[in-house]
Amino acid sequence: MSSTLDRSAVQSSLNVWQMAQRQLDDIASIIGLDASIHAYLREPKRALIVSVPVRMDSGAIKVFEGYRVQHNMARGPAKGGIRFHPDVTIDEVKALAMWMTWKCALVNIPFGGAKGGVICDAKNMSMQELENLTRRFTSEISIIIGPEKDIPAPDVYTTPQIMAWIMDTFSMQKGYSIPGVVTGKPIAIGGSLGRDKATARGCLYVVQEAMKELGLSDGARVAIQGFGNAGLNAAELMLEAGYKIVAVSDSRGGVANTDGLDVQKIVAHKAETGSVVGFSGGEQISNKDVLEYDCDVLIPAALEKVITAENAPRIKAKIIAEAANGPTMPEADEILQERGIMVLPDILANAGGVTVSYFEWVQDLQENFWEEQTVNDRLRIIMVRAFRETLERAKKYNVNMRRGAYAVAVGRVAEATSLRGVYP
Ligand code: NAD
C-alpha cells in the first residue's frame, strides 16, 4: 500500500471532534501545556441538547434536534454561530465550539467559544417553517444564552433574518429589547455596518499579508469553494483588490475560467438560478475539481474535511486561506507543509467574522454605532496583528502557521484559565 493510502485510512477514522482534539493535543506537546489545563480544555464546559417541536406548513408537528455547546468562557462570554444543516451532529458542534475558543483568543477579543446547530434541511423549508424553528430553538437555548453569557451569530444556512428572530424571541421572553444577545443582525435592529462582508474581508487582509511574506506579487489567481456569505464576498472583495477569480463552486458544482470569471455575472446567475452551475462564462467543473484548480490562492469556504491526504498532493495553490472551519484534515496538513504550501488556518483566516461580531456587540452595549470605514480599519489592525503574531510563533517553534496560531491562542486561554484557577 502506498503511503498516501495509509494516510487516507488514518484520516477516515477521525471525525471532526477527534480532529479538533488532536489539534489541541498536538499543540499541547509543542508548547508544554500543563496537563490539567490540557485535560480541561479537551472537553466542552457545557453542552445542551434540545428537542424542537415545529409546526410545519402542512399543519403537522415535526420534532428537530438542536444543540448549543459552550466550550470555554475563561476569557469572556461564549461566542459562536448557529448552523442549520442536515448533517449537523453534536460532535461537529463541539468541534466548532472549540475552534471558536481558539479563534477569539487568537484575535484577542474578550470572548470564549460556543457553537449551535439544528439538524434540518433549511434549504427546503419555507420562511414560516424556518421562523417557527428558529423561535422555538431560541426559546429552548435561552436558558444559557444572553449578551453577558453566550452570543450566537450566523453560520451555514442561517441569515441576518434568522438572527433577527433570535433577538426578537429572546427579547420577548425578557420583556424588553436586547440586541446584544446575537450578532450578524440586520442594521435596522442593531447590526453593524461591515458585518456582512467581515469574514471575507478578514480573509483578504491575511492573504495580502501572506502574499507580502512570500514575496508574491498582486494579481494572483484565486479559486474558491463555496459561494455563500464567506465565498461570494471573498470573490467580490478579492476581485476589487486586484486578484483574478479563476474558479468558484457551490453545493451543486463549479465553474472555472483561466482568464478570470466575471464575478458580478455569476452572482446574478446564482441569484436567478440558485447555483453557479450553468454559468456560461466558463467551463463546468466539479466541486472537488475547484480544490485542485491551477491557482495561487485557494479559499475553501464551504464545509469541513474537504482537503484530505488523497487530494493534498494535487493542490496547486501556494497559499490556502481557510474561510471555512476545519476544511483541512490533519494528515493533509502534513502533506501541504512538506510541499511548502502556506496554510492560513481557519482560526486566523475566517476570524474577521467574529471580530466584527465583537464590534457589533460593543456597539449594541454602548448604543453607539460606527461608520463602516471605522469597522474596516479596526478589523485590518486586528487581522494584521493576528497574522504577525501567528507567523512569529510559527518561526519560534519552527512549525506551520496552524501550529503557530494554536500556540498563540491556546497559550492565551491557558493563561486565563490558570489565573482564574477554574481547572481541577
Ligand atoms: P453560507 O450558508 O452562506 O454558504 C455556504 C456555501 O457552501 C453555499 O454556497 C453552499 O452552496 C456551499 N456548500 C454547501 N455544501 C457544500 C458542499 N458539500 N460542497 C461545496 N459547497 C457547499 O455559509 P457561510 O456563512 O458562507 O459559511 C461557509 C463556511 O465559512 C463554514 O465553514 C462556516 O463555518 C465558515 N464561516 C462563516 C462565517 C460567517 O461569518 N458567515 C464566519 C466564520 C466562518
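Note that our numbering numbers the sequence shown so that position 185 is 462, with each residue one more than the last.
The C-beta atom is built at its ideal place from N, Cα and C for all residues, glycine as well.
Asked	Found
Residues bridged to N349 (per DSSP)	G390
Buried versus exposed, by CB contacts within 10 Å (16 or more), R299	exposed
Alpha-carbon to alpha-carbon, L373 and D566	26 Å
V433: CB within 6 Å of a non-hydrogen atom of ligand 1	yes
Member of M375, N653, V631 whose CA lies at the smallest distance from the CA of G461	V631
Backbone secondary structure at D302 - three-state DSSP	helix
Residues of its chain near F447, where Cβ-Cβ distance is below 8 Å and the 5 sequence neighbours each way are ignored	T415, S419, I422, G423, I455, V458, V459
Ligand 1 heavy atom lying under 6 Å from the CB of S528	yes
Among D302, L301, A601, nearest to I576 - alpha-carbon criterion	A601
Cβ-Cβ separation, A671 to R680 (assumed contact under 8 Å), whole Å	7 Å
Cβ-based burial, L282 [other Cβ within 10 Å; buried from 16]	For L282, the predicted structure reports a pLDDT of 33, less than 50, and the residue's modelled location is therefore unreliable. A value from the coordinates is still provided. Exposed, since its Cβ has fewer than 16 Cβ neighbours within 10 Å.
Closer than 6 Å: F504 CB and nearest ligand 1 heavy atom	yes
For L373, the three-state DSSP class (helix, strand or coil)	helix
Heavy atom of ligand 1 within 6 Å of N627 beta-carbon	yes
Local Cβ density within 10 Å of E517, reported as buried at 16 or more and exposed below that	exposed
Within 7 Å, strictly: CB atoms of M377 and G393	no
G551 CB to nearest heavy atom of ligand 1 below 6 Å	no
Near ligand 1: L580 beta-carbon under 6 Å from a heavy atom	yes
Short Cβ contact (7 Å threshold) for L625 with A682	yes
Start and end residues, alpha helix (DSSP H) containing F636	628–643
Beta strand (DSSP E) segments (min. 3 residues) lying fully within the segment 468–538	498–502, 521–527, 530–533
Nearest candidate by alpha-carbon position, reference K400, set K426, S528, G343, A507	S528
Same chain, Cβ closer than 7 Å to D432, five either side skipped, listed in chain order	G358, I359, R360
Bridge-paired residues (DSSP) for L625	Paired residues: none, contrary to the question.
Cα-Cα separation between E583 and S328, rounded to whole angstroms	Per the sequence shown, residue 583 should be read as Val rather than Glu. Taking the straight line from one Cα to the other gives about 30 Å.
Whole-angstrom distance between A465 and Y453, CA atom to CA atom	17 Å
Spatial distance of V553 from A691 (CA atoms)	44 Å
G630: CB within 6 Å of a non-hydrogen atom of ligand 1	yes
DSSP-derived helix/strand/coil call for S285	Interpretation of S285 is limited by its pLDDT of 39, a score under 50 that renders its predicted location unreliable; the figure taken from the coordinates is listed afterwards. If DSSP states are grouped into helix, strand and coil, S285 belongs with the helices.
Within 7 Å, strictly: CB atoms of G479 and G698	no
Environment of E425 [buried if 16+ CB atoms lie within 10 Å]	exposed
Residue interval of the alpha helix (DSSP H) (run including K565)	564–569
Contact set for A594: own chain, Cβ-Cβ below 8 Å, skip 5 residues either direction	A500, C572, D573, V574, L575, I618
Start-to-end residues for the alpha helix (DSSP H) that takes in S328	First-last for S328: 323–332, but that is the beta strand (DSSP E), not the alpha helix (DSSP H).
CA-to-CA distance, G496 to R689, given in whole angstroms	36 Å
Assigned exposure category for D473 - 16 Cβ within 10 Å defines buried	buried
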